[in-house]
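*Asks:*
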Amino acid sequence: MAEKKYTWKGHEPKIMTSGIVNVEFGQNVKIVEPVNLYGCKIGDNTFIGPFVEIQKDVTIGKNCKVQSHAFICELVTIGDNCFISHGAMFINDKFQKGGPAGGDRSLWKETIIGNNVSIGTNSTILPVHICDNVVIGAGSVVTKDITDPGVYAGNPARKIRDL
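The numbers in the working numbering rise by one with no breaks, and the one at position 13 of the sequence shown is 20.
#1: Check whether the Cβ atoms of Tyr45 and Asn29 lie closer than 8 Å to each other.
#2: Out of Thr131, Arg112, Val148, Val158, point me to the one whose CA is closest to Val141's CA.
#3: I need the DSSP call for Ser92, collapsed to helix, strand or coil.
#4: Residue ranges of each beta strand (DSSP E) run of no fewer than 3 residues wholly in the stretch 23 to 58, ordered along the chain?
#5: Pick out whichever of Asn129, Gly146, Val124, Ala145 has its Cα sitting closest to the Cα of Ile153.
#6: Is the distance from the Cβ of Ile126 to the Cβ of Ser75 below 8 Å?
#7: Shortest alpha-carbon distance to Leu170 belongs to which of Gly146, Asp139, Asn162?
#8: Report all residues from its chain with a CB closer than 7 Å to the CB of Lys63; omit the five preceding and five following residues, and keep chain order.
And the structure:
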């Protein structure tokens, strides 16, 4: 492997790298690098695409697919047979105090995704619970719990039809 050489003006930056650290993997997991996975659990037969970040305290079930550029923050649980499309973003901080919670994890909230859930490209999922058998349309923003199976779309996401 070739040595990386950097040049810069001004102060020397701290250069960090992405990678895979302290991850519990099920059987037959496939990963396309580069990724940033740390302190999470990935279930059997799950696929993780490139440029994905999955943070600590995240659990992803069996037979899932997480496509490129998805971001899954701390405190997210994803069930079995789920599809997370390109660029999907999960949020755990609702800015309850008018700005980021920073290191105050007590202000962070969890997200629970049921089984057989598909989340479309560039969707944003705030801290919510989503039941089994749901499709979230591309570009949707999920701001409230989803308790009824079906197809949801929009900002904020609303049910547009049954499955």
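Just so it is clear, CB atoms sit at the ideal spot from N, CA and C, and this is done for glycine as well. Please read these numbers as outputs of a predicted model, since none were measured by experiment.
*Replies:* According to the structure shown:
#1: yes
#2: Out of Thr131, Arg112, Val148, Val158, Val158 has the C-alpha closest to the C-alpha of Val141.
#3: coil
#4: 42 to 45
#5: Val124
#6: no
#7: Asp139
#8: Tyr45, Gly46, Cys47, Glu81
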